[in-house]
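Visitor:
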Amino acid sequence: EIDGLKKTISSAQEEIKDLDVKGNKGFKNFSEAAKKAGKAVGSALKAAGAAVMAAGAALIGLAVSTKDYQESQAKLKTAFETAGSSAEVAKKTYDELYRVLGDSDQAVEAANHLAQMTQNQKELEQWTTITQGVYATFGDSLPIESLTEAANETAKTGELTGALGDALKWAGISEEDFQAQLLACNDEAEREALIRNTLIGVYGKAAEGYEK
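In terms of this note's numbering, the sequence shown opens at residue 629 and continues consecutively.
Laid out in structure tokens, this is it:
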């Protein structure tokens, strides 16, 4: 719109330069040029105003969507710091999950579950690999946030549940046998390690293929 306004002004200037200053003819030419320029400039300014309003509305919409993202990141940061980790680790975990899932809400939810389960960066990276492999194998039919939630609950209670059971069963692992292994574990950390190592063994290659 500004470029259009510049062209209009430039055109008006050219007409003024060509003004015949000899008497009435010159004044008439000037008046017509001024009227034409005035109308064109007014129209351009109206269009520019509309463009500015549209841009303002877009910025307001962006602010709303950004607000949701900021709130999600704040929750994620809190979850990781509560678990003894850091905001940097939270952001990296989120980025890796989002890169796989392409969905912010799913990535935040899954990352929150992992924050409660894992003890270090290596374990987080392995869980990211697991989510990648499961997603590559089953897509949306086995939601990653459901898997991490079920894994978290199973590690805490020792009872195989939800999407974790599906991830094992669909890979040909007996749920009964795995439940027996869970019962043989001494604590939550051992159960988490059992779950993680089993899933890495099953879905690690799928994750490598998906990454390539």
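Where is the CB? At the ideal position from N, CA and C, for every residue including glycine.
Since this is a predicted model, take the numbers as computed values, not measurements.
According to DSSP, simplified to helix, strand and coil, what is residue 637?
Guide: Note: residue 637 maps to helix in three-state DSSP.
Visitor: Taking C-beta to C-beta, are residue 811 and residue 758 nearer than 8 Å?
Guide: Against a cut-off of 8 Å, the Cβ pair of residue 758 and residue 811 comes out as no contact.
Visitor: Indicate whether residue 721 and residue 834 have their beta-carbon atoms separated by less than 8 Å.
Guide: Their beta carbons are not under 8 Å apart, which means residue 721 does not touch residue 834 by this criterion.
Visitor: Say whether the stretch 767-776 touches the stretch 804-821, bearing in mind that this needs 3 or more beta-carbon pairs closer than 8 Å, one atom from each stretch.
Guide: No, because fewer than three Cβ pairs between the stretch 767-776 and the stretch 804-821 fall closer than 8 Å, the two stretches do not touch.
Visitor: So, under 8 Å CB-CB, residue 841 and residue 809 are touching, yes? Tell me the CB distance rounded to an integer number of Å.
Guide: Any question about residue 841 goes unanswered here, given that the chain covers just 629 to 840.
Visitor: Contact between the stretch 706-720 and the stretch 739-751 is defined here as three or more beta-carbon pairs at a separation below 8 Å; is this criterion met?
Guide: Counting Cβ pairs under 8 Å, three or more are found: they touch.
Visitor: Taking only three categories from DSSP, how would you classify residue 799?
Guide: Three-state result, residue 799: coil.
Visitor: Tell whether a beta-carbon distance below 8 Å holds between residue 816 and residue 783.
Guide: Yes. Within cutoff.
Visitor: Do residue 832 and residue 767 have their C-beta atoms within less than 8 Å of each other?
Guide: No, these two residues do not count as a Cβ contact at 8 Å.
Visitor: Need the endpoints of the alpha helix (DSSP H) that residue 822 sits in, please.
Guide: Residue 822 -> alpha helix (DSSP H) spans 816-839.
Visitor: Can you tell me the Cβ-Cβ gap for residue 824 and residue 751, rounded? I've got them flagged as a contact below 8 Å.
Guide: That pair is a contact at about 7 Å.
Visitor: Let's see if you can read the secondary structure: which residues bound the alpha helix (DSSP H) around residue 733?
Guide: From DSSP, the alpha helix (DSSP H) with residue 733 extends over 732-745.
Visitor: Rounded to the nearest angstrom, what separates residue 694 and residue 778 at their Cα positions?
Guide: Approximately 30 Å between the Cα atoms of the pair.
Visitor: Quick one: give me the first and last residue of the alpha helix (DSSP H) that residue 761 is part of.
Guide: Run containing residue 761: 749-766, per the alpha helix (DSSP H) assignment.
Visitor: Just the Cα atoms here: how many angstroms apart are residue 787 and residue 830?
Guide: Spanning the two alpha carbons is a distance of roughly 20 Å.
Visitor: Apply the 10 Å Cβ neighbour rule to residue 702 and answer buried if 16 or more other Cβ atoms are within range, or exposed otherwise.
Guide: Answer is exposed; the Cβ neighbour count stays below 16.
Visitor: Could you spell out the range, first to last residue, of the alpha helix (DSSP H) harbouring residue 725?
Guide: Unbroken alpha helix (DSSP H) run through residue 725: 715-729.
Visitor: Less than 8 Å separating the beta-carbons of residue 725 and residue 756?
Guide: In this structure, residue 756 lies closer than 8 Å to residue 725 by Cβ.
Visitor: Label residue 763 either buried or exposed according to how many other C-beta atoms from any shown protein chain fall within 10 Å of its C-beta, with 16 as the threshold for buried.
Guide: By the neighbour-count rule (16 or more Cβ atoms within 10 Å), residue 763 is buried.
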